[in-house]
Structures are given as C-alpha cells and as structure tokens.
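Comments concern the structure below.
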C-alpha cells in the first residue's frame, strides 16, 4: 500500500502516545502486507472507499461512535461496539443486515473515523508487547490483525440499499443498536417491536428521543422521551390551518417557525396533543389495547360511538396524558400526583409511539426534513 506511513500515523500515536517521526520506533513501525509480493489492491480500494464520504448519526446521545458509508449499491454501518451475539446476528440477517468482513484497508480507515483507542492494559503489558519490539533485530513490523487486538472492539454491518429495513440510512444505527441488550432495557418484546417498527419509518430528527426512550432504565423516563418525539409537531396542525386560511404554499413547519420567531407565537400543548391523538383511528383505543381498562384512565368515561363522544374522549385522554407529562417534568406535592401502576407504563408508551408514527405518516408533506 503506497505511502503506508501516512495511513498508520493514527495507529502509531495510539500505541506509543506520540507522533515523533524522527524516532526509531516510528521509522520501524509498519504493517505487514498479506501478500508481500503484491500491493494489496483490494486493501487500497477499501481504504479509499472508507476514508471519506461517511456521515455520522449525531443524534445518538450515548458514546457509540458510528460512521455510515454509501458504497455502490450498499450501505455500511461502522459501530464502535462489540460483535453481535449469534442470536442477534441471526435476527439482524432476517432484516437484511449482515456483518461485513474487515480487511487491512478498512481497519486503517475506520480506526480514526471511530476514534478507536487502545484497550485498557497495564503499562508493563504495552511495554512488553508493543513498545520494545522495534529494538529486536528480528522485528519485521506488526501485522494489522495483531494490532487490532489491542484496540477497542468495532463492528461493520452491510445492507443493500434496495433491501434496507429503514426509510432513512441514518436510522440504521439506531435500528441495529436496538438488538443489543446493553442499550435496551425492555422485557416487553411487543413494545420493543413497536420501537423497531417506528425506527424503520420515522425521520432521523426523532432518533435522539427514540433512543433515550428505548434505552431508559425507568418507565417514567422512557415515557417522557416518547412524548418528546411528539413535541416537535405540536405546532403543525395549527400551522396547517393558518396556511390554508392564507392560501400559502410553504410547508406548515416553516410557517410555524416564522410565527414563533416573528410573532412570539406559542402552541397550546393540550390542544396540540388532542390534534395528534385525533389522527389515530378509533380501534387504536379499543382494539389495539382497551385504554379504558388501564387504571390510569379508569376515572374517565370514554366512548367512541359518535363524533361528539370521540371528541370528548380524545380531550379527556389528552388532558390526562398532559397531566402525566407535567408531573414527570415538574415537582408537585405528593398528594397531587397521579398514581400510575407499573403495568400501565408500557401501554402509555405504546400509545405515544403509535401517535408519533401516525403523525409523521399523516403530516410528512408538511414537515421539513433534517
């Protein structure tokens, strides 16, 4: 591989803690080629493909370094994470997501892209195993696979563009992480599948809240992050009505932004939530799950027999959900708090996720992407 010294600077600096190009260890540090008689053209091609042109999903709040590449007809997702367990790999393959092999060129490109660090080892181990090898006259350089063992784990996944389970490539990062148990605390498989279904369909801008909701260790935190997925849309229904009244051509989200900036306009959250819930079909409250059977709503008289009944029921549900939201983000006296049983939380979260999915489906043409 031509000019390999330039390509290996990152690895050298991680191993030795400096980048003194005049040092003896730098001059001797190199990677052995798989085929000494060749230039490893496939490695060179891989390095060039993975050295540039990648994007990151910056809406993943935990320290999961990632890089997403488009190479010909495939999308590659690199994650600084351990390789998946066999059962996870099987599940991912059912979604047309495959673990990809890594060659020398890919390793050289991904190490700096993922900010791979030397795994925690004692100073003595590093000195014995790496630092002093260049002093041996028989030293012929490090093979890349030998060096890889000292660096943090990372995994490369591949999916064909025509077979991607998600509508947006950025969502592939979150979709893959949803199969790793260290990021999902749910024992409710049905709810987990609801999350994955939403991840597959949702726009990238809700990734952060979805990820926080999915990975939260407490039902309350999971609910509020699912609720926040909706908050960005609360102004859209009113903006649509204003847009129609003024006969404007812009997207409703753009109009709402102007109204907030120029007029100081603020949405009424309960009214907005009612508009969001109204987009759900009636069977979401009766067949998907019987909301009246949840203890949280047991004090409400809910009927969907007539249009008037439906409006009243939606308003009651919206006000109760908004009250739950308020007690999660504000401090109230103990006596004023709603008592929500643990068994109700999964259904409350499911209701929020269903609402998010329906809103982005129904309002997609009125929302700016990004």
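In the UniProt record's numbering, the protein residues as written are 1 to 370.
Idealized CB from N, CA, C, for every residue including glycine.
Let me know the secondary structure DSSP gives residue 160 once reduced to three states. Working through the chain shown from its first residue, we reach residue 160 at position 160. It is a strand residue.
What number of angstroms, rounded off, separates the C-alpha of residue 44 from the C-alpha of residue 52? Reading the chain shown from its first residue, position 44 is the one you call residue 44. Reading the chain shown from its first residue, position 52 is the one you call residue 52. Taking the straight line from one Cα to the other gives about 13 angstroms.
To the nearest angstrom, how far is it from the Cα of residue 271 to the Cα of residue 10? Taking the first residue of the chain shown as 1, we reach residue 271 at position 271. Taking the first residue of the chain shown as 1, we reach residue 10 at position 10. So the alpha carbons of these two residues sit roughly 54 angstroms apart.
Return the residue from the list 342, 23, 12 and 20 that minimises the CA-CA distance to residue 187. Mapped onto the chain shown, residue 187 falls at position 187. For residue 187, the nearest C-alpha among the options comes from 342.
Assuming residue 144 contacts residue 104 under a Cβ cut-off of 8 angstroms, what Cβ separation, rounded to an integer in Å, is found between them? Taking the first residue of the chain shown as 1, we reach residue 144 at position 144. Taking the first residue of the chain shown as 1, we reach residue 104 at position 104. Right, their Cβ atoms sit about 5 angstroms apart.
Residue 212 and residue 359 - do their beta-carbons sit closer together than 8 angstroms? Here residue 359 is taken as the residue at index 359 of the chain shown, counted from 1. Here residue 212 is taken as the residue at index 212 of the chain shown, counted from 1. Not a contact, by the Cβ cut-off of 8 angstroms.
In three-state terms, what does DSSP make of residue 280? On the chain shown, position 280 is the one that residue 280 refers to. In the structure shown, residue 280 sits in coil (DSSP, three-state: anything other than H, G, I, E or B).
Going by the beta-carbon positions, is the gap between residue 357 and residue 198 smaller than 8 angstroms? If you number the chain shown from 1, residue 357 lands on position 357. If you number the chain shown from 1, residue 198 lands on position 198. Their beta carbons are under 8 angstroms apart, which means residue 357 touches residue 198 by this criterion.
Only counting runs of 4 or more residues, tell me where the alpha helix (DSSP H) segments fall wholly within the stretch 187–231, in order along the chain. 189–201, 207–215 and 219–231
Closest by C-alpha distance to residue 328, when choosing among 218, 160, 22 and 46: As a working note, residue 328 is residue 328 in the chain shown. For the residues 218, 160, 22 and 46, the minimum Cα distance to residue 328 belongs to 218.
When you compare each of 239, 209 and 127 to residue 226 by their alpha carbons, which one comes out closest? What you label residue 226 is simply residue 226 of the chain shown in a count that begins at 1. If we check each option's Cα against that of residue 226, 209 comes out closest.
On the three-state DSSP scale, how would you describe residue 136? The residue labelled residue 136 in the question sits at position 136 within the chain shown. Correct three-state label for residue 136: coil.
Can you give the beta carbon distance from residue 295 to residue 344, rounded, assuming they're within the 8 angstroms contact cut? Indexing the chain shown from 1 puts residue 295 at position 295. Indexing the chain shown from 1 puts residue 344 at position 344. Correct: roughly 6 angstroms between the Cβ atoms.
Assign residue 73 to buried or exposed, taking buried as 16 or more other Cβ atoms, counted over all protein chains shown, within 10 Å of its Cβ. Residue numbering aside, residue 73 sits at position 73 when the chain shown is read from its first letter. It counts as exposed.
Reduced DSSP category for residue 71 - H, G, I as helix; E, B as strand; rest coil: The count along the chain shown starts at 1 and reaches residue 71 at position 71. Three-state result, residue 71: strand.
Residue 10 by DSSP, collapsed to three states: which one? One-based indexing of the chain shown puts residue 10 at position 10. It is helical.
With DSSP as the reference, please indicate the residues paired to residue 118 in a beta bridge. Along the chain shown, read from residue 1 onward, the residue named residue 118 stands at position 118. In the DSSP output, where bridge partners are listed per residue, residue 118 has 151.
What's the gap between the Cα of residue 150 and the Cα of residue 229? Within the chain shown, numbered from 1, the residue matching residue 150 stands at position 150. Within the chain shown, numbered from 1, the residue matching residue 229 stands at position 229. Between residue 150 and residue 229, the C-alpha separation is close to 40 angstroms.
Reduced DSSP category for residue 104 - H, G, I as helix; E, B as strand; rest coil: As a first step, residue 104 must be located in the chain shown, where it is residue number 104. Correct three-state label for residue 104: helix.
Euclidean distance between Cα positions of residue 292 and residue 221: Walking along the chain shown from the start, residue 292 turns up at place 292. Walking along the chain shown from the start, residue 221 turns up at place 221. Those two C-alpha atoms are separated by around 23 angstroms.
Using only CA atoms, which one of 224, 236 and 284 lies nearest to residue 257? For the purposes of this step, residue 257 is taken as the residue at position 257 of the chain shown. Closest option to residue 257, Cα to Cα, is 236.
Which residues does DSSP list as the beta-bridge partners of residue 79? Along the chain shown, one-based indexing puts residue 79 at 79. According to DSSP, residue 79 bridges with 66 and 155.
What residue range is occupied by the uninterrupted alpha helix (DSSP H) comprising residue 237? The residue labelled residue 237 in the question sits at position 237 within the chain shown. It spans 236–246 - the alpha helix (DSSP H) in which residue 237 sits, taken as one unbroken run.
Assuming residue 64 and residue 81 form a contact by the criterion Cβ under 8 angstroms, report the distance between their Cβ atoms to the nearest whole angstrom. Looking up residue 64 in the chain shown gives position 64. Looking up residue 81 in the chain shown gives position 81. Between residue 81 and residue 64 the Cβ distance is about 6 angstroms, and since that is below 8 angstroms, they are a contact.
Quick check on DSSP: helix, strand or coil for residue 327? The count along the chain shown starts at 1 and reaches residue 327 at position 327. DSSP places residue 327 in helix when its eight states are reduced to three.
By DSSP, does residue 98 sit in helix, in strand, or in coil? The residue labelled residue 98 in the question sits at position 98 within the chain shown. Strand, per DSSP.
From the DSSP output, in three-state form, read off residue 166 for me. Mapped onto the chain shown, residue 166 falls at position 166. Of the three classes helix, strand and coil, the one that applies to residue 166 here is coil, per DSSP.
Reference residue 133, options 340, 66, 24 and 280, closest by Cα: Stepping through the chain shown from its first residue, residue 133 is reached at position 133. It is 24 whose Cα lies nearest to the Cα of residue 133.
Quick check: what's the CA-CA separation for residue 244 versus residue 309? Here the question's residue 244 lines up with position 244 in the chain shown. Here the question's residue 309 lines up with position 309 in the chain shown. The alpha-carbon atoms of residue 244 and residue 309 are separated by roughly 27 angstroms.
Among residues of its own chain, excluding the 5 on either side of residue 54, which ones have a beta-carbon nearer than 7 angstroms to its beta-carbon? Here residue 54 refers to the residue found at position 54 of the chain shown. Here the set comprises 67, 68, 69 and 113.
Reference residue 92, options 368, 182, 320 and 178, closest by Cα: Translated into the one-based positions of the chain shown, residue 92 becomes position 92. Comparing Cα positions, the closest option is 178.
Which stretch, first to last residue, makes up the alpha helix (DSSP H) that contains residue 359? What you label residue 359 is simply residue 359 of the chain shown in a count that begins at 1. Segment 345–362, the alpha helix (DSSP H) holding residue 359.
Thinking just about the alpha-carbon of each residue, which of 128, 182, 148 and 175 is nearest to the one in residue 195? To locate residue 195, count along the chain shown from 1; it is residue 195. Of 128, 182, 148 and 175, the residue nearest in Cα terms is 175.
Near residue 325, what residues of its chain come up, given a Cβ to Cβ distance below 6 angstroms and the 5 sequence neighbours on each side ignored? As a working note, residue 325 is residue 325 in the chain shown. Around residue 325: 227.
When 281, 107 and 136 are compared against residue 314, the one with the closest alpha-carbon: Counting from one through the chain shown, the residue named residue 314 turns up at place 314. That would be 281, whose Cα lies nearest to the Cα of residue 314.
Report the residue from 264, 238 and 247 whose alpha carbon sits nearest the alpha carbon of residue 253. As a first step, residue 253 must be located in the chain shown, where it is residue number 253. For residue 253, the nearest C-alpha among the options comes from 238.
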